[in-house]
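Inspection log for the structure reproduced underneath, given as structure tokens.
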Amino acid sequence: MRNVIIYSLLGIEAGFAIAIPYIGVFYIILSVFEDSGYLTRAAFLLDNLTHRMGLHGRAVIPLVLGLGCNVPAIMATRALNTLRERRIASVLISLIPCSARTVIILGLVGTFVGYWAAVSIYVLEIFIIFITGWILGRGLPGERTGFIMEMGPLRHPDVVSTLKKTWLRIREFVYIAFPLLIVGSALLGGLDTLGILDIFENAVSPISVGILGLPAFAATALVFGILRKEMALEVLAVLAGTANFAMVLTPLQMYVFAVITTIYIPCVATIAILKHELGTRDTVMISTFTILLAFTVGAVIYQIGMLL
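Residue numbering for the sequence shown is 69 to 376, as defined by our numbering.
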């Protein structure tokens, strides 16, 4: 019971200190872009670039929405004209750093490693997304379509509307993810007391420790990250016993952990919407691809980091 209470309190601390500040600021910025009417202009400006990935400018809107949450972004791919375009867009959206992944990049790498290290993860993600889109655009069969979109007028965002929209998005975390984090933290306390965590971490340590160079407890955090991405960082703080990650992780370990969490299998909500929109086969293929890609990139970064 003592372990359960301590882990629950650590979960509450992680939620307030790590997730809410970054998620809140990000959603305010996204709401300003949406309410100003700039997204349609971004779609027009990026039409030539998206054509190189087998898409057109209209796909920019779901891709940008993916920075907030992958679930509504994948639902927004219904506006695309063909199944081929929806498949390509859905794969790319699954790789886009959503607000929960941004929490990990900024809360871990940006805070404890450095600003430019965090920026480099976004650059790496953009490179991976573009290369993936380029390969799919040339290899995936199907119909290609042109770009037609109505341009609405530019507007000054209303402060009250922006704050209301931000709260509606944060509310999901406060009402759903936060209780889930506390329950998950309490569960971790119980599993730790029973020694089950040690059994799991020892079983996967050849990969997590030997290949990726992460501490053994990071594997448990990655598993919880499948429920919600920001939970990977919050559970990492719970297992480490502190939110000051510089005390328990090296800069290289923090960087590798952030990169893997940013790329690997989408959260369960995204997996569910992928199944609904594309079917089981495409969902399994996308999930498998992201897992293999995440561990490959993480292992390469670890090896390069050790050499340097």
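Think of the CB as a built atom: it goes at the ideal place given N, C-alpha and C, for glycine as much as any other residue.
In summary, T150 is exposed, with fewer than 16 beta-carbon neighbours lying within 10 Å of its beta-carbon over all protein chains present. Contact holds between the region 90–103 and the region 160–172, because three or more Cβ pairs, one in each stretch, are under 8 Å apart.
I189 and T330 do touch by the CB rule: their CB atoms are close to 6 Å apart, below 8 Å.
Rounded to whole angstroms, G309 and M315 show a C-alpha spacing of 10 Å. In the three-state reduction of the DSSP assignment, D226 falls in the coil class, being assigned neither a helical nor a strand state. DSSP places H124 in the coil class of the three-state scheme, outside both helix and strand. The three-state secondary structure of G79, taken from DSSP, is helix.
In terms of Cβ geometry, T358 and I333 form a close pair [threshold 8 Å]. Residue burial is scored here from C-beta neighbours: Y323 has at least 16 other C-beta atoms within 10 angstroms and is therefore classed as buried.
Annotation for A185: the continuous alpha helix (DSSP H) segment containing it runs 183–207. In chain order, A289 place their CB closer than 6 Å to the CB of L304, counting only its own chain and leaving out the 5 sequence neighbours on each side. Counting only the Cα atoms, M219 lies some 25 Å from I156. Remark: three or more beta-carbon pairs, one from each stretch, lie closer than 8 Å, so the region 194–209 and the region 113–124 are flagged as touching. For A168, the secondary structure class from DSSP, reduced to helix, strand or coil, is helix. Apart from the 5 residues on each side of it in sequence, A254 sits with its Cβ closer than 7 Å to the Cβ of V72, Y75, S76 in its chain, given in chain order. Cβ contact annotation for L192 (same chain, cutoff 8 Å, sequence separation greater than five): V327, V365, in chain order.
In this structure, the straight-line span from the alpha carbon of A340 to that of A284 is close to 29 Å. Around the C-beta of N312, fewer than 16 other C-beta atoms lie within 10 Å, and the residue is accordingly described as exposed. Contact annotation: S158 and L342 have beta-carbon atoms nearer than 8 Å. Per DSSP, reduced to three states, the secondary structure at Y332 is coil, with no helix or strand assignment. In the three-state reduction of the DSSP assignment, V316 falls in the coil class, being assigned neither a helical nor a strand state. The alpha-carbon separation between E102 and I129 amounts to approximately 10 Å.
In the structure shown, the three-state DSSP call for P247 is helix. Taking each of A287, L262, L361 in turn and checking the Cα distance to N270, the smallest one comes out for A287. P140 sits in a helix when the DSSP states are folded into three classes.
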